[in-house]
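To keep things clear, I will list the structure first and then write my remarks on it.
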Amino acid sequence: MCGIIGYCGPREASEVLLAGLKRLEYRGYDSSGISVGFRDNLQVYKKKGKIQALLDVVPESLKGNWGIGHTRWATHGGVNDTNAHPHCDCTGKIAICHNGIIENYVGLKDRLTDEGHRFLTETDSEVIAHLVESFYEGDLEAAVKSTVTLLKGTYGILTMHTDHPDEIIGARNGSPMVLGIGDGEMLIASDVSAMIAHTKQVVYVEDGEVVRMDSGSYAVTDMRNRSVDKKVDSISWELEEMEKGDYPHFMLKEIHEQIDSVPRAIGGRIDEDQATAVLGGLNMSEMELLGVKRIVIIAAGTSYYAGCVVAYLLESLARIPAVTELASELRYRNPIVEEGTLYFAMSQSGETLDTLMAIRELQRKGGRVLGICNVVGSTIARESDGGVYIHSGPEIAVASTKAFTSQLTAMYLFILKMARMRHMAWPEGKRFISGLLGIRKHIGRILEGENSIRELAVKYHKFGNFLFLGRGINYPVAMEGALKLKEIAYIHAEGYSAAEIKHGPIALINDQTPSLFIVPDDHLRDKVISNMKEIKARKGLVIALCVEGDEYAAEIADDVLYVPNCDEEFSPFLMVVPLQLFAYYCALELGCDVDQPRNLAKSVTVE
Ligand code: F6R
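For reference, each letter of the sequence shown is one residue, going 60 to 666 in the working numbering.
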């Protein structure tokens with residue numbers, strides 16, 4: 060989604076802004092632009108396409124020490140140079156960048172047009188520049204505050220004015236914004252990745268707050284002009300973690316990082332003696348945890364599928380009724396919040412708007428929501444009533460991979476804790492812990508066999524449709540595998556319960572629609588084998604993703620991939636990795652932009 064960055068300081072602003080926009084690229088965008096102030100002039104450059112297109116038009120000699128920049132992910136108005144941000148007012152003295160959606164822009168635009176303002180773009184955002192112009196009477200911050208009181212929707216806005224050199228005003232409602240405190244310089248952005256090269260000292264801006272910054276100072280106030288005391292936080296990520304290193308793509312790097320990210324999510328959270336997990340951030344006493352009668356997990360996309368795996372295991376191992384719901388649906392469903400229900404919001408970025416809004420709706424109704432996030436200090440992490448960080452390190456590729464297995468890890472620890480508090484005996488707890496600790500080794504083995512997955516992708520990447528089929532705890536993994544293939548290789552794929560295909564999707568089967576079956580050595584294996592045979596009987600191609608030694612499954616299938624055998628409940632960790640790699644190599648064969656697939660954004664901060 061859109062990214063924003065602002066800079067005030069001694070350096071050439073264009074250099075800082077363009078480097079920051081490069082770091083924001085991973086969020087997904089279709090155009091970009093900057094506005095740099097020099098003397099009483101705003102120099103605005105905007106370009107459709109990759110940041111390189113912008114770099115090609117911004118003069119290297121561009122002077123000016125304060126400015127704002129933007130990567131746009133189009134919502135209102137086509138993808139072209141004009142609609143790219145920053146947008147200016149009629150005088151050309153004011154420039155704004157906006158992340159979010161202004162829902163009432165049509166009425167505002169009509170009114171401003173009647174008042175004589177000239178609009179140049181089709182965007183919702185341009186109204187902001189003209190509103191600031193209409194309110195401006197010498198105090199830029201006051202004009203921004205008057206503007207945002209009229210806006211309905213979500214926004215992270217940066218504003219600059221030629222009469223206010225070395226000053227940027229930021230305002231936030233629903234879209235992320237973080238201030239970076241440097242040495243004699245100040246940054247503001249939608250994401251810490253844009254500023255980590257300059258500072259690790261940050262202040263998170265909250266909804267309803269307005270920031271005024273210059274190169275040496277900042278002040279945060281609320282809409283009633285009351286000063287807000289802000290805590291300065293430190294970013295724990297290192298710049299190198301955001302680099303590709305020797306890998307050709309971030310996605311491949313992040314798939315490989317699972318060897319370390321899974322153990323990192325476990326680190327320090329196991330009590331071997333008591334055979335349980337220690338999760339301090341839950342902010343709940345043992346008595347409160349014992350009182351939990353039901354668990355609802357809310358999430359989107361890959362996080363949702365991780366949630367589905369977790370819900371399955373919460374029921375089977377901890378014996379707590381659990382469901383996973385799409386955050387986007389729950390928030391408009393008028394959910395019933397009952398005593399004894401505990402909610403989890405799972406989100407890698409911690410900024411997904413659907414999930415955030417669902418949390419707020421649940422909290423409004425008295426629900427307790429715990430966050431399972433990766434990005435420390437993200438909005439969801441801050442607004443949750445407690446939670447667990449998954450610590451998988453920055454996930455830069457748009458397609459989520461390592462976050463999935465780390466989300467599972469963090470929640471498996473919670474399941475262990477809940478199960479041990481109920482009926483799980485000590486030896487069972489020990490067995491569970493050793494299973495969890497063994498995942499790293501198994502993932503390593505799968506990665507060693509990466510070539511066979513690549514060969515499979517070479518053979519199958521030209522097929523236009525796939526079915527991914529699994530059962531039980533691996534049914535969500537089938538959906539995740541299909542999602543990966545869709546989003547990065549643009550191959551149509553459906554994730555289904557293997558049991559359900561006879562109720563409809565089997566009609567799709569022909570020799571042009573391969574079915575990839577997930578066949579762990581679990582209590583449903585024989586049923587899945589029967590489903591494979593049903594496909595073979597209809598001349599469908601079958602790929603079996605099964606455990607080493609399962610010769611029978613291999614005989615039925617046209618092609619086979621193996622993963623090490625493990626206890627049933629840990630199989631999702633192992634089954635998902637080959638599916639991530641399969642999608643990756645199919646995308647590579649098809650020449651797709653693996654890390655930044657078309658139309659997608661990393662952090663989905665609009666509805
Ligand atoms: C898929 C993907 C998305 C995200 C979804 C939720 O590869 O990346 O489906 O999983 O947008 O994002 P988070 O977890 O940041 O809330």
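Beta carbons are placed, not taken as given, at the ideal position from N, Cα and C, and that holds for glycine.
Predicted model only: the values in this text are computed from it and were never measured.
query                                                                                                               : result
Option nearest threonine 383 by Cα separation, candidates Ala603, Ala365 and Ser662                                 : Ala365
8 Å Cβ cutoff met for threonine 361 and phenylalanine 527                                                           : no
Extent of the continuous alpha helix (DSSP H) run through glutamate 553                                             : Premise fails: glutamate 553 lies in the beta strand (DSSP E), 551 to 556, not in any alpha helix (DSSP H).
Start-end ranges of the alpha helix (DSSP H) lying completely within the segment 526 to 581, minimum 4 residues     : 534 to 548
Opening and closing residue of the alpha helix (DSSP H) in which alanine 188 lies                                   : 185 to 194
Length of the line joining the Cα atoms of alanine 667 and alanine 456                                              : Residue 667 is absent from the structure shown; the chain starts at 60 and stops at 666.
Beta-ladder partner(s) of threonine 414, from DSSP                                                                  : BP columns for threonine 414 are empty, so no partner.
Serine 295, buried or exposed, once every other Cβ within 10 Å from all chains shown has been counted against 16    : exposed
Glutamine 665: first and last residue of the uninterrupted alpha helix (DSSP H) it sits in                          : The residue asked about is misnamed: residue 665 is valine in this sequence, not glutamine. No alpha helix (DSSP H) holds valine 665; DSSP gives it neither H nor E.
Check: serine 276 C-beta below 7 Å from any heavy atom of the ligand F6R                                            : no
Completely contained beta strand (DSSP E) runs for the segment 215 to 255, where each covers 3 or more residues     : 227 to 232, 237 to 240 and 245 to 248
Where tryptophan 125 falls, given that 16 or more other Cβ within 10 Å makes a residue buried                       : buried
Buried versus exposed, by CB contacts within 10 Å (16 or more), isoleucine 356                                      : buried
Contained beta strand (DSSP E) runs [length at least 3] in the segment 262 to 304, N- to C-terminal order           : 268 to 272 and 277 to 281
Where the alpha helix (DSSP H) through isoleucine 379 begins and ends                                               : Careful: isoleucine 379 lies outside any alpha helix (DSSP H) and carries neither H nor E.
Inter-residue CB distance, leucine 385 and valine 663 (contact presumed, cutoff 8 Å)                                : Their Cβ separation, rounded to whole angstroms, is 13 Å, which puts leucine 385 and valine 663 out of contact at 8 Å.
8 Å Cβ cutoff met for leucine 604 and isoleucine 560                                                                : no
Three or more C-beta pairs below 8 Å linking the segment 633 to 646 and the segment 64 to 77                        : no
Beta carbon nearer than 5 Å to a non-hydrogen atom of the ligand F6R                                                : Ala359, Gly360, Thr361, Ser362, Ser406, Gln407, Ser408, Thr411, Ala458, Ser459 and Val663
Proximal residues to aspartate 99 (C-beta, below 7 Å), its chain only, five neighbours per side dropped             : Thr221
Buried versus exposed call for serine 574 [16 or more other C-beta atoms within 10 Å across all chains shown]       : buried
Touching by the beta-carbon criterion (3+ pairs, under 8 Å), the segment 236 to 252 and the segment 261 to 272      : yes
For glutamine 102 and glycine 123, believed in contact at Cβ under 8 Å, the rounded distance                        : 7 Å
Under the three-state DSSP convention, the category threonine 17 falls into                                         : Here the chain has residues from 60 to 666 only, and residue 17 is not among them.
Proximity of lysine 598 and aspartate 617 at Cβ, strictly below 8 Å                                                 : no
Pick from Val287, Gln111 and Ile325 that is closest to valine 270, judged by C-alpha positions                      : Val287
Nearest neighbour of tyrosine 555, chosen from Leu373, Val587 and Asp581 [CA to CA]                                 : Val587
Endpoints, alpha helix (DSSP H) assigned at lysine 109                                                              : From DSSP, lysine 109 is part of no alpha helix (DSSP H); its letter is neither H nor E.
Nearest-angstrom beta carbon gap, isoleucine 247 and leucine 298 [assumed within contact, 8 Å]                      : About 19 Å separates the two Cβ atoms, so there is no contact after all.
Burial state of proline 307 (16 or more Cβ within 10 Å)                                                             : exposed
Proximity of alanine 253 and leucine 415 at Cβ, strictly below 8 Å                                                  : no
Own chain partners of valine 138 with C-beta closer than 7 Å, once the 5 adjacent residues on each side are dropped : Asp89, Ser90 and Lys107
6 Å CB neighbourhood of serine 320 in its chain, flanking five on each side removed                                 : Ser451, Lys461 and Ser465
C-alpha distance - glutamate 553 paired with lysine 545, whole-angstrom precision                                   : 9 Å
Histidine 129 - containing beta strand (DSSP E), residue span                                                       : 125 to 131
Cα-Cα separation between lysine 476 and arginine 231, rounded to whole angstroms                                    : 38 Å
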